[in-house]
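What follows is a set of notes on a single structure, which appears directly below.
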Amino acid sequence: MRMLSDRIATVAALPFDLGALKLHLRVEDDDYEDAAITNMGKTAAAEFEQVAQIALLTQTIRLTIVDPVAGRLLALPIGPAEVANAPAVLIDGVAFTDFDFMGGHRPLIRWQDSYFGLTPTLIQIEYQAGFGNAAADIPADIAQAIMDQTALHYDGRSPMDAKSLTSSPHLARIAARYRGVQL
Numbered sequence: 003m004r005m006l007s008d009r010i011a012t013v014a015a016l017p018f019d020l021g022a023l024k025l026h027l028r029v030e031d032d033d034y035e036d037a038a039i040t041n042m043g044k045t046a047a048a049e050f051e052q053v054a055q056i057a058l059l060t061q062t063i064r065l066t067i068v069d070p071v072a073g074r075l076l077a078l079p080i081g082p083a084e085v086a087n088a089p090a091v092l093i094d095g096v097a098f099t100d101f102d103f104m105g106g107h108r109p110l111i112r113w114q115d116s117y118f119g120l121t122p123t124l125i126q127i128e129y130q131a132g133f134g135n136a137a138a139d140i141p142a143d144i145a146q147a148i149m150d151q152t153a154l155h156y157d158g159r160s161p162m163d164a165k166s167l168t169s170s171p172h173l174a175r176i177a178a179r180y181r182g183v184q185l
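The C-terminal residue of the sequence shown carries number 185 in the working numbering, and the numbering is unbroken.
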């Protein structure tokens, strides 16, 4: 089985509050380095999404599974997802609706009996994931982890070795919790 996923942004908002981020970085000038700080914040948010395997702001997730293995449950790779927004599923190019969708931080599809009469070679799934459409919808612990990671980038702008600029301990700990890993 091979699983490929694409993320398509559905909102243009930043996944952080630029003013709060600048305050965290102790940048007092209103326009001072806004573009650079915004880029660092986006980078930190993308790092969090990658490590935690989540979507911060609402995104469309397109999942392609080649040669799927048989099983009752299919864990979707990116959460959170709302139960009310059931995914669209194509099996070998044909719409398939005989499944239960379990949303939450780690969304799942539970195939019904008719699925087991098929021998799929390609499954395509499209669903919505994310905490909402604005930075205020993102949980406070994640927002703090993004600010801490941005501060690491901001403070590390001068030349330093690659080992010095890694992940903040806060980002690693919070991302692990959202990913479902215990540290």
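Glycine residues also receive a C-beta, built at the ideal position from the N, C-alpha and C atoms.
Beta-carbon spacing of residue i, residue j below 7 Å
i	j	result
residue 107	residue 81	yes
residue 111	residue 58	no
residue 48	residue 148	no
residue 253	residue 138	The structure shown has nothing for residue 253, since the chain only spans 3 to 185.
residue 39	residue 91	no
C-alpha gap between residue i and residue j, whole angstroms
i	j	result
residue 180	residue 56	8 Å
residue 184	residue 171	Reliability of the predicted coordinates at residue 184 is poor, the pLDDT of 46 falling under 50, and the value obtained from them is presented with this limitation in mind. When rounded, the distance between both Cα atoms is 14 Å.
residue 73	residue 63	22 Å
residue 15	residue 96	34 Å
residue 25	residue 136	19 Å
residue 34	residue 154	18 Å
residue 84	residue 37	33 Å
Supposed contact pair residue j and residue i - C-beta distance, whole angstroms, cut 8 Å
i	j	result
residue 143	residue 173	Contact doesn't hold; Cβ gap of about 10 Å is too wide.
residue 9	residue 61	5 Å
Helix, strand or coil at residue i according to DSSP, with G and I counted as helix
i	result
residue 124	strand
residue 139	helix
residue 15	coil
residue 180	helix
residue 102	strand
residue 186	It is not possible to answer for residue 186, since the shown part of the chain is limited to 3 through 185.
residue 21	helix
residue 158	coil
For residue i, the residue or residues it bridges with in DSSP
i	result
residue 62	10 and 130
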